[in-house]
Amino acid sequence: MTVEDAIALVEQLLERGRLTKVQEIVFRYSWEGKTYLEMAKEVKYDPGHIKDVGSQLWRSLSQALGEKVTKNNLHGVLKRTAQRQKHKCLLQELHKLGGSNRRFPILRTYY
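Per my numbering, the very first residue in the sequence shown carries number 4; after that it's consecutive.
Structure follows, in structure tokens:
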């Protein structure tokens, strides 16, 4: 998953829809494994402000996903979320194609 894919997924999950400029900075740098201090130095923001924005972003994502999201588990959580969404979309498509009472032989092969 690229950082662009991750941002698109996050923006789907958050109520507001779009990350603010500072949230996106925090997200991108967190995705790269940077510390809050490194982020603040690179973009010339107060480190406390960067940390506060990050904390709020992780809280919002945790609430949206129903699992704790941190700077350190971001990759894993979003990868699992993307896989669940793909699986859900696939099942919805199969349901549309076959109707609710029809069995799907392809699914029996895998299960």
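For each residue, glycine too, the CB sits at the ideal point set by N, CA and C.
Residue from the options whose Cα sits closest to the Cα of residue i
i, options, result
"Val46", "Val25, Gln59 and Glu35", "Val25"
"Thr73", "Thr5, Gly51, Val29 and Met4", "Val29"
"Tyr38", "Lys54, Thr23 and Glu27", "In the sequence as presented, Tyr is not what sits at residue 38; that position holds Thr. The shortest Cα separation from Thr38 among Lys54, Thr23 and Glu27 belongs to Lys54."
"Leu16", "Lys82, Ser63, His78 and Lys71", "Ser63"
"Ser65", "Val13, Met4, Asp8 and Val6", "Val13"
"Gln59", "Glu7, Thr23 and Ala11", "Thr23"
"Val6", "Leu81, Met42 and Lys89", "Leu81"
N-terminal and C-terminal residue of the alpha helix (DSSP H) that residue i is part of
i, result
"Lys44", "Tyr39 to Val46"
"Arg62", "Pro50 to Leu68"
"Arg31", "Lys24 to Trp34"
"His7", "Checking the sequence, you will find Glu at residue 7 rather than His. Val6 to Leu16 is the span of the alpha helix (DSSP H), which, as asked, contains Glu7."
Collapsed DSSP secondary structure at residue i in the structure displayed
i, result
"Arg87", "helix"
"Val72", "coil"
"Gly20", "coil"
"Leu81", "helix"
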